[in-house]
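**Student:**
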Amino acid sequence: MLCIGTGKMVQDENRMRYVPELYFKSPVEMREVFRDFPEAISNTLEIGERCHLQLEFGCSKYPEYPVPSGKTREGYLRELCYQGLRERYGARATADAELLNRLDYELGVLEKTGFVSYLLIVWDFIHCAKERRIPVGPGRGSAAGSMVTYVLGITDIDPLQFGLIFERFLNPDRVSPPDIDVDFCEARRGEVLEYVRQCRPSNGLELSRCRSHRKDDSERTEHYARFSGRKKSGIEKGGGYRAGDPAAF
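Using my numbering, the first residue of the sequence shown is number 1094, and each one after it goes up by one.
1) Would you call the region 1260-1278 and the region 1219-1230 in contact, with 3 or more CB pairs under 8 Å?
2) So, for F1150: in the same chain, excluding its five sequence neighbours on each side, which residues have a beta-carbon less than 8 Å away from its beta-carbon?
3) Bridge partners of V1229, per DSSP?
4) Can you tell me where the alpha helix (DSSP H) with N1136 in it begins and where it stops?
5) Just to confirm the assignment, what range does the alpha helix (DSSP H) spanning A1237 have?
6) Is there contact between the region 1163-1177 and the region 1131-1146, where contact requires at least three CB pairs shorter than 8 Å?
7) Measuring alpha carbon to alpha carbon, tell me which of Y1211, V1241, I1247, A1237 ends up nearest K1223.
8) Assuming K1118 and V1112 are in contact, meaning their beta carbons sit under 8 Å apart, how far apart are those beta carbons, in whole angstroms?
9) Just the C-alpha distance for Y1198 and I1250, rounded to the nearest angstrom, thanks.
10) Is the region 1261-1269 in contact with the region 1190-1207, if contact means three or more CB pairs nearer than 8 Å?
11) Pick out whichever of L1253, L1257, L1196, I1227 has its Cα sitting closest to the Cα of V1241.
12) Answer yes or no: do I1227 and R1281 have a C-beta to C-beta separation smaller than 8 Å?
13) Measure the C-alpha to C-alpha separation of G1163 and C1144 and round it to an integer number of angstroms.
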């Protein structure tokens, strides 16, 4: 199989080949291999005994989005949403019970399921793109059914006007990580990806998984709920605003 994969003949003396050492050796074999360096064995065992890594599987790890001092993430998201509600609906924002009930319901689900930081992070880089006048698509997919994404400016489709269902985006009875499809101008899409890259966690783990591909002759970027670690500050002055800095808004 190796010859097939490398396009070589079995008889070729210079072809790639596996050596008989490619297996996990027993402790006895390892001591024999390093018989001239016994300290290598003892040091390896000492390092192994000091390692106490415990990995928790079956759940997502989210960075803690930096909010202004004295505020909680839940409270900050609500503040942004009510501000956006007034901008989107004007006087209806305080008088229309349907609007207020729908928004309060969605925020409650987001808080209960633990996706508050996720929404704040997506809002952050979309806000950055709009501040730089980078064209952003109106939104599509299940996220278009959310009032929260609408008032945050993540999408531009009024879910109440079109009778869209929030539970397609996030169902409290069958919780799965929501995904938000975001379209950016192809010519400047790289600026947004660079902003996200610079905001990646300082511990080197994955903040977001972005992928792009051609579809209907447009550049499509999909942002998934795949976050881990802690978020760093963003681009300095001259390249945008610092992520999470309330003075930037």
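Ideal Cβ placement from N, Cα and C applies to all residues, glycine included.
Model, not experiment: these values are computed from the prediction.
**Tutor:** Well, looking at it:
1) yes
2) none
3) F1277
4) 1131-1143
5) Counting along the chain, A1237 falls outside any alpha helix (DSSP H), and DSSP gives it neither H nor E.
6) no
7) I1247
8) 13 Å between Cβ atoms; not a contact.
9) 18 Å
10) yes
11) L1196
12) yes
13) 37 Å
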